[in-house]
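Colleague: Numbering (my numbering), first residue to last: 11 to 252.
We treat Cβ as the ideally placed atom computed from N, Cα and C, and that holds for glycine.
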């Protein structure tokens, strides 16, 4: 995937959460939807010239969850938001059948993940370095004014220790955070809960008021390595910190 394609991936999710959904302060639960195709306000995000993953809402132990199968493919389900992260946690559960064996998050050619969850932020342009602002301005001309200025991507990695954090191999505006790693926990549901504001401040060394969250997305991608993996996601929830 080229740098332009990576920008397009983030842009596609951003456009989806901005233009295809009614923004608000809650995330529609997968469990509130019937099995089948994704239903609004969730929307499927795919990329031109990259094979789309198979994405559906499926039954699981009496509830509905998001299912993503990626055979040398990439796709995400995106949902718009318009909320301050202050005092909020993002919670969810996820499961994979196995990791992407040959992935390596330190290399562009290895930028694949069995499961990932994005959180998008609207950092004011005035707070961005000039070079970043100029790049963003160019991307917004191409992809639209709603392109986010920052994102955190929580991933289920194959090799790096839990807690590893680094910039995405393609862009310094997406911070990768490894929450699960390896196959030891594959095949079972795992719960996550993250302090959104704290993760943003740690990732971007930010002071002052935190930027608003403009959306979330969940999916997987294996287009770099050509592998095949399956991921499941339970409800993504915004909860008060406790």
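For the segment 124-132 against the segment 158-172, do three or more pairs of beta-carbon atoms, one drawn from each stretch, fall closer than 8 Å, so that the two count as touching?
Modeller: yes
Colleague: Short of 6 Å in beta carbon distance, which residues of its chain neighbour residue 247, apart from the five on each side in sequence? Order them along the chain.
Modeller: The residue labelled residue 247 in the question sits at position 237 within the chain shown. 101, listed in sequence order.
Colleague: So, are the CB atoms of residue 76 and residue 40 less than 8 Å apart?
Modeller: For the purposes of this step, residue 76 is identified with residue 66 of the chain shown, where counting begins at 1. For the purposes of this step, residue 40 is identified with residue 30 of the chain shown, where counting begins at 1. Contact: yes.
Colleague: Ends of the beta strand (DSSP E) at residue 162?
Modeller: By one-based count along the chain shown, residue 162 stands at place 152. Counting along the chain, the beta strand (DSSP E) containing residue 162 begins and ends at 160-167.
Colleague: Starting from the C-beta of residue 22, find all residues in its chain whose C-beta is less than 7 Å away, skip the five residues before and the five after it, and write them out in chain order.
Modeller: Taking the first residue of the chain shown as position 1, residue 22 is located at position 12. Low per-residue confidence applies at residue 22: pLDDT is 47, beneath 50, and the placement is therefore not dependable, though the value from the model is reported in the following sentence. Closer than 7 Å at the Cβ level, and outside the excluded window around residue 22, lie 55, 57.
Colleague: Pull up the distance between the alpha-carbon of residue 212 and that of residue 90, whole angstroms please.
Modeller: Within the chain shown, numbered from 1, the residue matching residue 212 stands at position 202. Within the chain shown, numbered from 1, the residue matching residue 90 stands at position 80. CA-to-CA, the gap between residue 212 and residue 90 works out to about 23 Å.
Colleague: Rounded to whole angstroms, what's the CA-CA distance from residue 240 to residue 62? Just pull it up for me.
Modeller: The residue given as residue 240 occupies position 230 in the chain shown. The residue given as residue 62 occupies position 52 in the chain shown. Separation of residue 240 and residue 62 (C-alpha to C-alpha, rounded to the nearest whole angstrom) is 13 Å.
Colleague: Please state whether DSSP places residue 211 in a helix, a strand or coil.
Modeller: As a position in the chain shown, residue 211 is number 201, starting the count at 1. Note: residue 211 maps to helix in three-state DSSP.
Colleague: For a cutoff of 8 Å on Cβ pairs, would you count residue 80 as touching chain B?
Modeller: Protein chains in the displayed structure number just one, and chain B is not present.
Colleague: On the CB-based measure, 16 or more other CB atoms within 10 Å of its CB, does residue 86 come out buried or exposed?
Modeller: The residue labelled residue 86 in the question sits at position 76 within the chain shown. Residue 86 should be labelled buried.
Colleague: Using a 10 Å radius around the Cβ and a threshold of 16 neighbouring Cβ atoms, would you call residue 95 buried or exposed?
Modeller: In the chain shown, residue 95 corresponds to position 85, counting from 1. Per the 10 Å Cβ criterion, buried.
Colleague: Answer with buried or exposed for residue 220, where buried requires no fewer than 16 other C-beta atoms within 10 angstroms of its C-beta.
Modeller: Along the chain shown, read from residue 1 onward, the residue named residue 220 stands at position 210. With 16 or more other Cβ atoms within 10 Å, it is buried.
Colleague: For residue 61, does the three-state DSSP call read helix, strand or coil?
Modeller: Taking the first residue of the chain shown as 1, we reach residue 61 at position 51. In the structure shown, residue 61 sits in coil (DSSP, three-state: anything other than H, G, I, E or B).
Colleague: Would you call the CB atoms of residue 93 and residue 223 closer than 8 Å?
Modeller: Translated into the one-based positions of the chain shown, residue 93 becomes position 83. Translated into the one-based positions of the chain shown, residue 223 becomes position 213. Yes, the pair counts as a contact, with Cβ atoms nearer than the cut-off.
Colleague: Quick one: what does DSSP say residue 119 is sitting in, helix, strand or coil?
Modeller: As a first step, residue 119 is located in the chain shown; it is residue number 109 there, counting from the start. Residue 119 falls in the helix class under three-state DSSP.
Colleague: Could you tell me which residues DSSP pairs with residue 176 in its beta bridges?
Modeller: Taking the first residue of the chain shown as 1, we reach residue 176 at position 166. Note: residue 176 sits in a beta bridge opposite 186.
Colleague: When you compare the CB positions of residue 196 and residue 53, do they come within less than 8 Å of one another, or not?
Modeller: Locating residue 196 in the chain shown gives position 186, counting from the first residue. Locating residue 53 in the chain shown gives position 43, counting from the first residue. No, the pair does not count as a contact, with Cβ atoms beyond the cut-off.
Colleague: Return yes when the Cβ of residue 49 is within less than 8 Å of the Cβ of residue 43, no when it is not.
Modeller: On the chain shown, residue 43 is found 33 positions in, with the first residue counted as 1. On the chain shown, residue 49 is found 39 positions in, with the first residue counted as 1. A contact, by the Cβ cut-off of 8 Å.
Colleague: Please return the same chain residues whose Cβ sits closer than 7 Å to the Cβ of residue 79, not counting the five positions on each side in sequence.
Modeller: Taking the first residue of the chain shown as 1, we reach residue 79 at position 69. Result list for residue 79: 63, 64, 240, in chain order.
Colleague: Near residue 192, what residues of its chain come up, given a Cβ to Cβ distance below 7 Å and the 5 sequence neighbours on each side ignored?
Modeller: Locating residue 192 in the chain shown gives position 182, counting from the first residue. Around residue 192, the same chain offers 109, 168 as residues with beta carbons nearer than 7 Å, after the five sequence neighbours per side are excluded.
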